[in-house]
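Residue numbers (this note's numbering): 303 to 805.
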Ligand SMILES: [Zn+2]
C-alpha cells in the first residue's frame, strides 16, 4: 500500500500595534517608555465611571490597512466588550470588535517562488485595545499599564497556507505594508507585530478541517517558520500513529529548545459573552470617508515593485529588495534618475536619450543595484547604521557609478572612494582627485608598464608563455602595484596576453 501523504493547513492571527500619538480610547501617550505606569490615566486604568472616546487616527490607520489588504470596509461597524478576567485587564473586559469588524473579506497576493502570485484570503480586520504587561517576579506579579489601552489591529487570515515559508513571507509582506502606510513600525522583536499560528494536518486531498493547534509566543519571522515546521512533524507523527488531535489545543514556542510545548487553553469563544460596548456610538463610514483615506495612501509596495520591474527591468527579487523599505525605494528611484541624467550628459554617449538608455541602461542599473544592495548595505551593517543614517546622496552614488562605467575608477579604487563617501558624504570625483585614484587609461602608458614587468620578471613571463595561467595573475599584480593601483586589470590582462601568448 502506498504511504499516506499529509498536508498542513495553516492560518495566521496577527496583532499590529498602531503607532498613534495617543491610546485607543483615551488621551494617554502611546509612546514606548522604560519607566512603568507613566503613560496612564483613569480611562486606561479602568477606573469606574470613566468614558472611552474613540481615537480617530487609529480608525484611519485601520481603514488604510484594510484598503491595502483589499478588504471590504463595513459601512456600519461597532465595538464590543470581550469579557474575561485576567490581572492585565483592569476593567474585566477588553474593548474589541466582534460581529461587525472594521473590515472583512480581503486578500493579499504573495510570491512564494518569486514568479507566481498566491492569493491569501483575509477573513477580517478589526480594532481593539491592548492589555497591560505582566511581569512574574520573585516578589510576585507586577503590572505595567503603559501598554494598556494602546490601539491594536487584529488581522485574521483564512487557513490558506500549507507551507510555513509562505506564512513567513505573508508576515514579511504585511510588515512592509504596515511600514509603507506608517501605521506601525511593525517590529516583531519589539512586539509591534505579534503572530499566533493555527495549524492542523489532514490527508492530502481531504477538504475537511480537523481540530487545530494554536501556537503562541512567536516573536520573530524565523520562530513562525520553525514552530510550524516542528508542528507539522509532530502532528504528522500523531496521524501516522492513529492519534490525530481530537480537540483544539494551545501550545507555546520555546525558541531555545526549538519545540512547542502545551499551554493552558483559554476559554472558548462563548465564554467571552461579547456584547456591544454601550459607551461608544456605532461607527458609520460614508463612501467619501473611505475615498479620503484612499486619496492619501502612498503607492503600495507591490505597485512600486511592479513599476520598478517594468521601468528599470529589475527581477522580482531585486525589485523586492529595493522596495522593502519606502525610503530605500525613494532613494533607488532618485539615484536612477540622477544616473540617467549623468549618462545623457557624457561626451562619449551619442544618440537620443532613449537610444542611450536602450544601449547602456541595463548595465548601469545592474551596477547601481549591486553597489547599493551589496556594498552600501554591507557598510551600513558593518557600522551598525540604519538606512536613514546614510550620508551618500543619490546624486553622488549615481556619479560614482558613472565614474566606474567610464572606466575612470577600477573596482578596487571605486570601493575606496565609496568608503570615503560613506564616512564623510563626500563627492566621488573630488575624492578620486584628492586621493589620486583615477584609472590610467592611456594605452601607451600601460603598455610601457607591462614591458617593464615582463623584463623584470622573466621566469613568470616564460611560465605564462608555456601555459601556466597562474603566472598571469602574478604579472597583473606586479603591474597593478607599479601603477599604484590605478591600472585597469582587464586591460593589463589583455596586453599581457597579446605580448606573451604563443601564436
Ligand atoms: Zn489613558
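Positions of the beta carbon are idealized from the N, C-alpha and C atoms, including for glycine.
For this session: Return the CA-CA distance between residue 726 and residue 537, expressed in angstroms with no decimal places.
Result: 56 Å
For this session: Figure out for me which residue from 500, 354, 348 has the closest Cα to the Cα of residue 530.
Result: 500
Exercise. Along the chain, which unbroken stretches of the alpha helix (DSSP H) at least 4 residues long are found entirely within the segment 334-358?
Worked result: none
Exercise. How far does the beta strand (DSSP E) with residue 501 in it reach, from first residue to last?
Worked result: 495-505
For this session: Return helix, strand or coil for residue 775, following the three-state DSSP convention.
Result: helix
Exercise. What do you get for residue 653, buried or exposed, if any count of 16 or more other CB atoms within 10 angstroms of its CB means buried?
Worked result: exposed
Exercise. Leaving out five residues before and five after residue 626 in sequence, what residues of the same chain have Cβ atoms less than 8 Å from its Cβ?
Worked result: 478, 603
Problem set entry | Distance CB(residue 460)-CB(residue 412) smaller than 9 Å | no
For this session: Tell me whether the beta-carbon of residue 699 lies closer than 9 Å to the beta-carbon of residue 734.
Result: no
Exercise. What do you reckon, is the C-beta of residue 347 under 8 Å from a heavy atom of ligand 1?
Worked result: yes
Exercise. Roughly how many angstroms lie between the CA atoms of residue 669 and residue 584, to the nearest whole one?
Worked result: 55 Å
Exercise. Do the segment 413-421 and the segment 443-459 touch if we need at least three Cβ pairs shorter than 8 Å?
Worked result: no
Problem set entry | Alpha carbon of residue 506 to alpha carbon of residue 310, nearest angstrom | 9 Å
Problem set entry | Classification of residue 805 by the beta-carbon crowding that lies within 10 angstroms, buried from 16 upward | Only weak support is given to the placement of residue 805: the predicted model assigns it a pLDDT of 48, under 50, and the question is left unresolved by the model.
For this session: Could I get the ranges of all uninterrupted alpha helix (DSSP H) runs contained in the segment 429-473, with 4 residues as the minimum, in chain order?
Result: none
For this session: Give me the Cα-Cα distance between residue 605 and residue 341, rounded to the nearest whole angstrom.
Result: 38 Å
Exercise. Taking 9 Å as the CB-CB cut-off, is residue 751 touching chain D?
Worked result: Included in the structure is just one protein chain, with no chain D present.
Exercise. In terms of residues, what are the limits of the beta strand (DSSP E) holding residue 552?
Worked result: 551-556
Exercise. Counting along the chain, where does the beta strand (DSSP E) carrying residue 395 start and finish?
Worked result: 395-398
Exercise. What is the rounded straight-line gap between the Cα of residue 326 and the Cα of residue 433?
Worked result: 11 Å
Exercise. Cβ of residue 325 within 8 Å of any heavy atom in ligand 1?
Worked result: yes
Exercise. Out of curiosity, what's the CA-to-CA distance linking residue 563 and residue 446?
Worked result: 27 Å
Problem set entry | residue 371 versus residue 608 - alpha carbon distance | 17 Å
Exercise. For residue 622, which of 471, 579, 509 has the nearest alpha-carbon?
Worked result: 471
For this session: Whole angstroms is fine: what's the gap from residue 344's alpha carbon to residue 394's?
Result: 15 Å
Problem set entry | Euclidean distance between Cα positions of residue 389 and residue 518 | 19 Å
For this session: Using only the heavy atoms of ligand 1, determine whether one of them is closer than 8 Å to the beta carbon of residue 335.
Result: no
For this session: Could you tell me the distance, in whole angstroms, from the CA atom of residue 539 to the CA atom of residue 419?
Result: 31 Å
Exercise. Can you tell me the Cα-Cα spacing of residue 466 and residue 789, whole angstroms?
Worked result: 51 Å
Problem set entry | Candidates 339, 334, 376: closest to residue 591 by CA position | 376
Problem set entry | Limits of the unbroken alpha helix (DSSP H) element including residue 308 | Taken as a continuous stretch (DSSP letters only), residue 308 belongs to no alpha helix (DSSP H), being part of the beta strand (DSSP E) at 308-319.
Exercise. Helix, strand or coil: which one does DSSP assign to residue 405?
Worked result: strand
Problem set entry | Opening and closing residue of the beta strand (DSSP E) in which residue 384 lies | 382-385
Problem set entry | Alpha-carbon spacing of residue 456 relative to residue 581, whole angstroms | 22 Å
Exercise. Is residue 322 helix, strand or coil by DSSP?
Worked result: coil
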